[in-house]
Amino acid sequence: SKAVYNPPRINGSISKEYFTLREETPEVFSFELPQGRVFHDGRIILSSGQVLAETLYRPLDRVRNPLKPLANLPGLPPVSHFPGRLAVLAAPMCQRYYHWLLETLPRINFLKEMQPDRFYVYGKQAFIKQSLEFLGVDARQILPQRKYAHWSADKILGVTPLADSGTVTQDTVEFLRSLVTLDRRIES
Numbered sequence: 003s004k005a006v007y008n009p010p011r012i013n014g015s016i017s018k019e020y021f022t023l024r025e026e027t028p029e030v031f032s033f034e035l036p037q038g039r040v041f042h043d044g045r046i047i048l049s050s051g052q053v054l055a056e057t058l059y060r061p062l063d064r065v066r067n068p069l070k071p072l073a074n075l076p077g078l079p080p081v082s083h084f085p086g087r088l089a090v091l092a093a094p095m096c097q098r099y100y101h102w103l104l105e106t107l108p109r110i111n112f113l114k115e116m117q118p119d120r121f122y123v124y125g126k127q128a129f130i131k132q133s134l135e136f137l138g139v140d141a142r143q144i145l146p147q148r149k150y151a152h153w154s155a156d157k158i159l160g161v162t163p164l165a166d167s168g169t170v171t172q173d174t175v176e177f178l179r180s181l182v183t184l185d186r187r188i189e190s
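For what it's worth, my numbering labels the leading residue of the sequence shown as 3, then goes sequentially.
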């Protein structure tokens, strides 16, 4: 029989059982790609013209075809170039609150450590702008929003997903807890 689990509370201790009931999460790493590109919702394109598997939406897509040829397809919008280090804080569906808060935003500290010149952020929702401002990312540090954006950069900086979509890791919970304690310190 499948175990029943009550989700953890932000003010209580988290049961280790919560994380052992989840599938094993992929290893998280940051990367720097020379002459890479980012398209639309955070799909990162290598200089060879293939899409980095970790930036695809569905895990099954990553297994079946880890490097999808996309870059030379007809119909892609023209590329705009950013001269510098461009951090990609975007992922498929990140314009939805759940995916932004639990899957995309927790990558911010990894990206900040890589010292980007600017951020590529997908989505115009107020909660995206507000959360970035709260974490010290000013609107001037974010590239202008464009429909179906297609950017290249001298260096594309990224972080692989902390987990498959719909899965919450302990690192994500700890990141969110740090925001709660940061907010309390600011109010004091």
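Idealized CB from N, CA, C, for every residue including glycine.
CA-CA distance, residue i and residue j?
i	j	result
Ala-141	Glu-135	7 Å
Ala-155	His-42	15 Å
Trp-153	Val-90	10 Å
Val-123	Ser-180	22 Å
Pro-108	Pro-80	30 Å
Ile-46	Ala-128	24 Å
Thr-171	Glu-105	9 Å
Thr-183	Glu-176	11 Å
Lys-114	Glu-34	13 Å
Pro-36	Tyr-99	31 Å
Leu-23	Phe-84	Caution is warranted here: a pLDDT of 44 is assigned to Leu-23, below 50, making its placement in the model unreliable, and the coordinate value is therefore given only provisionally. Each residue's Cα considered, the two are about 43 Å apart.
Asp-166	Trp-102	13 Å
Met-95	Gly-168	11 Å
Would residue i pass as a contact of residue j if the rule is Cβ separation under 7 Å?
i	j	result
Gly-86	Asp-119	yes
Phe-121	Gln-147	no
Glu-56	Thr-174	no
Ala-93	Gly-44	yes
Ile-110	Leu-145	no
If I follow the unbroken beta strand (DSSP E) through residue i, where does it start and stop?
i	result
Phe-31	Careful: Phe-31 lies outside any beta strand (DSSP E) and carries neither H nor E.
Lys-157	152-161
Arg-39	39-41
Roughly how far, in whole angstroms, is the beta-carbon of residue i from the beta-carbon of residue j, given that I think they are within contact range, below 8 Å?
i	j	result
Val-30	Leu-164	5 Å
Ile-130	Gly-38	Not quite, the Cβ-Cβ distance comes to about 22 Å (not below 8 Å), so this is no contact.
Counting only C-beta atoms, is residue i closer than 7 Å to chain E at any point?
i	result
Leu-78	Absence of chain E from the displayed structure is noted, only one protein chain being present.
State the start and end residues of the unbroken alpha helix (DSSP H) segment that holds residue i.
i	result
Ser-50	No alpha helix (DSSP H) holds Ser-50; DSSP gives it neither H nor E.
Going residue by residue through the stretch 91-128, where are the continuous beta strand (DSSP E) segments of at least 3 residues, counting only ones entirely within it? 120-123
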